[in-house]
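The next block holds one structure in the form of structure tokens; read it before the comments.
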Amino acid sequence: MQKKIILFIIGIIVLAGGAYSFLSRPKTVVVTITEIPASATPPPTAVPAHLPEVLPLAKDPLKRSIESAGDYLIRQQLTNGELAYQVNPLTNDRSS
Numbered sequence: 004m005q006k007k008i009i010l011f012i013i014g015i016i017v018l019a020g021g022a023y024s025f026l027s028r029p030k031t032v033v034v035t036i037t038e039i040p041a042s043a044t045p046p047p048t049a050v051p052a053h054l055p056e057v058l059p060l061a062k063d064p065l066k067r068s069i070e071s072a073g074d075y076l077i078r079q080q081l082t083n084g085e086l087a088y089q090v091n092p093l094t095n096d097r098s099s
């Protein structure tokens, strides 16, 4: 009786080991690599393609308004570059 139980346990262990080794075997994966054709880049130009637009605001009151708004923002700026308050765009509420 003892011998049959030991053989049964050994059989179970052998079956479990075989199942484990069968299931843990790495699967072979076939990878196909497709080459992407290189796109032709345009030759570099002497003049940049995106030049900044300069608005003709020589003696316009809008220029003074823009400059004064920039001066105000610079005066209100903290040492880390942020403003002292934040504006909630949904409610236009300033929170400090």
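Numbers in our numbering are just positions in the sequence shown, counted from 1, shifted up by 3.
From the three backbone atoms N, C-alpha and C, an ideal C-beta is built for every residue, glycine too.
Residue i - containing alpha helix (DSSP H), residue span
{"i": "Gln80", "result": "Gln80 -> no alpha helix (DSSP H), and no H or E assigned at all."}
{"i": "Ala49", "result": "Here Ala49 belongs to no alpha helix (DSSP H), and DSSP marks it neither H nor E."}
{"i": "Val17", "result": "5-26"}
Beta-bridge pairing of residue i - partner residues as DSSP gives them
{"i": "Arg97", "result": "Val90"}
Through-space distance from residue j to residue i, alpha-carbon basis
{"i": "Pro46", "j": "His53", "result": "15 Å"}
{"i": "Phe25", "j": "Ala43", "result": "50 Å"}
{"i": "Ile39", "j": "Val33", "result": "19 Å"}
{"i": "Thr94", "j": "Pro29", "result": "58 Å"}
{"i": "Tyr88", "j": "Arg97", "result": "6 Å"}
Spatial neighbours of residue i in its chain, beta-carbon cut-off 7 Å, leaving aside the 5 residues before and after
{"i": "Gln105", "result": "Nothing about residue 105 can be read from this structure; the chain reaches only from 4 to 99."}
Residue i Cβ short of 7 Å to the ligand SAH heavy atom set
{"i": "Ser42", "result": "As presented, the structure is devoid of all ligands, the ligand SAH included, so that no description of it is given."}
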